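Enquirer: Input: one structure, supplied below.
There are 2 protein chains.
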Amino acid sequence: MTMARTCAAYNLRRASRLVTQAFDQALSPTGLKVTQFSLLVSFLLSPGSNMVQLAHWLGMDRTTLSRNLKVLEKRGLVEMVPGEDRREQQVRITPAGRKLFEQACPLWFRAQERVVGGIGHEKWAALAKELRSLVAGLK
Amino acid sequence: MTMARTCAAYNLRRASRLVTQAFDQALSPTGLKVTQFSLLVSFLLSPGSNMVQLAHWLGMDRTTLSRNLKVLEKRGLVEMVPGEDRREQQVRITPAGRKLFEQACPLWFRAQERVVGGIGHEKWAALAKELRSLVAGLK
DNA sequence: CCGCATTGCGTGTATATACATTTATTATAC
DNA sequence: GTATAATAAATGTATATACACGCAATGCGG
Chain A
725 MTMARTCAAY NLRRASRLVT QAFDQALSPT GLKVTQFSLL VSFLLSPGSN MVQLAHWLGM
785 DRTTLSRNLK VLEKRGLVEM VPGEDRREQQ VRITPAGRKL FEQACPLWFR AQERVVGGIG
845 HEKWAALAKE LRSLVAGLK
Chain B
725 MTMARTCAAY NLRRASRLVT QAFDQALSPT GLKVTQFSLL VSFLLSPGSN MVQLAHWLGM
785 DRTTLSRNLK VLEKRGLVEM VPGEDRREQQ VRITPAGRKL FEQACPLWFR AQERVVGGIG
845 HEKWAALAKE LRSLVAGLK
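In structure tokens form, the structure reads like this:
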């Protein structure tokens, strides 16, 4: 029964659940979940990309991205604008979205410090690097 | 904008998504998802525990566990039996559940090999250890 | 042009997840 | 012993996730 301890899905999913809870709690004054915060970051980092590109970068199904966007759109934090290719939708952050994002940043930072502090920044840096390798092997 | 690369939630959630997809695909002949497979493992490992204990061990909200169980129960893979304390529910795997679990094991193994093979077993062992430290710091 | 493959995106359905609240049972204070 | 606190679990609601499928726009071979 070594499965329980070594299973990649089990270990990653459990860590993901707990870390998500920590970040969601920290971000709760803004009403943002960490998923939504990450989406805002990715829009800011790659303003011109369409949904397919974003989804691939996030390692997230296209339809998941689509539905997560709806939540942000409903709150008026982002808006969808059709691209030149009229099949495409592009995402644009609204002023309200940008403002909320800036309010969220220090909260994010505190959560990150708390979570990463548990093992130390150097170990986290190494861990994150391994995670990226793992992800690269699956994409 | 170092957030994008270092954010613990982002990195873990993305890795979790991709790894989950890999395991779910591998397990698809059984109709089990890796979440469900993990639940079966945990029931087999700790037969007497109630939901609170299981949820804590899994780093999962009680209500999430409750609802994930429903899916297994609906398929007749587990059954709920009331404990001595009539507030408690105990989980018991049915023969059908045990049989399906055994069918799933080799599929799980192949997925694990594929995922872990991307970075090597030793690196995975180290990574899993760090993940457990991280989790321990949050519980 | 026109027909068809491709591409980008949305919907239907199902599971996964958690917080707030509620219900039922047990334990405890008095 | 009863009133109240504490505990175990389920429900209501909302987001997160992905697969199968369908629709609209584009590109391309003839």
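Sequences listed follow chains A and B, in order.
Going letter by letter, the first sequence gives residues 725 to 863 in the numbering used here.
Going letter by letter, the second sequence gives residues 725 to 863 in the numbering used here.
For every residue, glycine included, the Cβ atom is placed at its ideal position computed from N, Cα and C.
Remember, it's a predicted structure, so these values are computed and weren't measured experimentally.
Could you tell me the alpha carbon to alpha carbon distance between V839(A) and L742(A), rounded to whole angstroms?
Expert: Locating residue 839(A) in the first sequence gives position 115, counting from the first residue. Locating residue 742(A) in the first sequence gives position 18, counting from the first residue. Their backbone Cα atoms lie some 10 Å apart in a straight line.
Enquirer: Would you verify that the beta carbon of A733(A) is, or is not, closer than 7 Å to some beta carbon of chain B?
Expert: As a first step, residue 733(A) is located in the first sequence; it is residue number 9 there, counting from the start. Chain B, which has a Cβ nearer than 7 Å to the Cβ of A733(A), makes this yes.
Enquirer: When the Cα atoms are used, what is the spatial distance from G842(A) to P806(A)?
Expert: Translated into the one-based positions of the first sequence, residue 842(A) becomes position 118. Translated into the one-based positions of the first sequence, residue 806(A) becomes position 82. Computed Cα separation, rounded: 44 Å.
Enquirer: Return the chain-ordered list of same chain residues with a C-beta closer than 7 Å to the C-beta of L789(B), the five sequence neighbours on each side being excluded.
Expert: For the purposes of this step, residue 789(B) is identified with residue 65 of the second sequence, where counting begins at 1. Excluding positions up to five away in sequence, the list reads M775, L778, A779, L782.
Enquirer: Do you know how far the Cα of Q813(B) is from the Cα of T744(A)?
Expert: Within the first sequence, numbered from 1, the residue matching residue 744(A) stands at position 20. Within the second sequence, numbered from 1, the residue matching residue 813(B) stands at position 89. Using only the alpha carbons, I get a separation of about 28 Å.
Enquirer: Specify the secondary structure class of R816(A) as computed by DSSP and reduced to three states.
Expert: Taking the first sequence and counting its residues from 1, one reaches residue 816(A) at position 92. In this structure, R816(A) counts as strand in the three-state DSSP scheme.
Enquirer: Buried or exposed: where does F761(B) fall if 16 or more other Cβ atoms within 10 Å of its Cβ makes it buried?
Expert: For the purposes of this step, residue 761(B) is taken as residue 37 along the second sequence, with counting starting at 1. F761(B) comes out buried.
Enquirer: Determine the DSSP secondary structure at P830(B), reduced to helix, strand or coil.
Expert: Here residue 830(B) is taken as the residue at index 106 of the second sequence, counted from 1. P830(B): helix per DSSP, three-state reduction.
Enquirer: Which residue comes first and which comes last in the beta strand (DSSP E) that contains M804(B)?
Expert: Along the second sequence, read from residue 1 onward, the residue named residue 804(B) stands at position 80. Start and end: 802-806.
Enquirer: Report the neighbours of L862(A) on chain B: residues whose CB is nearer than 9 Å to its CB, in chain order.
Expert: By 1-based counting over the first sequence, the position of residue 862(A) is 138. What L862(A) touches in chain B: A739, L742, V743, Q745, A746, R838, V839, G842.
Enquirer: Please list the partners that G783(A) has in chain B, where partner means a Cβ-to-Cβ separation under 7 Å.
Expert: Translated into the one-based positions of the first sequence, residue 783(A) becomes position 59. Neighbours of G783(A) on chain B, chain order: R738, R741, L742.
Enquirer: Where are the beta strand (DSSP E) runs, 3 residues long or more, that stay fully inside the region 740-786 of chain B, in chain order?
Expert: As far as the region 740-786 of chain B is concerned, it has no whole beta strand (DSSP E) run of at least 3 residues.
Enquirer: Name the chain A residues that come within less than 7 Å of L831(B), Cβ to Cβ?
Expert: Along the second sequence, read from residue 1 onward, the residue named residue 831(B) stands at position 107. The premise fails here: L831(B) is roughly 12 Å from chain A at the closest Cβ pair, so nothing lies under 7 Å.
Enquirer: In terms of residue numbering, what span does the alpha helix (DSSP H) encompassing G861(B) cover?
Expert: Here residue 861(B) refers to the residue found at position 137 of the second sequence. That run of the alpha helix (DSSP H) goes 845-862.
Enquirer: Who are the Cβ neighbours of A750(B) in its own chain at under 8 Å, not counting the five residues just before and after it?
Expert: Sequence index remark: in the second sequence, residue 750(B) carries index 26 (1-based). Excluding sequence neighbours, A750(B) sits near L831, W832, R834, A835, R838.
Enquirer: Is the beta carbon of G800(A) closer than 7 Å to that of A820(A)?
Expert: Locating residue 820(A) in the first sequence gives position 96, where the first residue counts as 1. Locating residue 800(A) in the first sequence gives position 76, where the first residue counts as 1. Yes, the Cβ-Cβ distance between A820(A) and G800(A) is below 7 Å.
Enquirer: How would you call T759(B), buried or exposed, if buried means at least 16 neighbouring beta carbons within 10 angstroms?
Expert: Within the second sequence, the letter at position 35 stands for residue 759(B). Classification of T759(B): buried, given that the 10 Å Cβ count is 16 or more.
Enquirer: Could you tell me whether any Cβ in chain B is nearer than 7 Å to the Cβ of V795(A)?
Expert: Sequence index remark: in the first sequence, residue 795(A) carries index 71 (1-based). With 7 Å as the cut-off, V795(A) does not count as an interface residue toward chain B.
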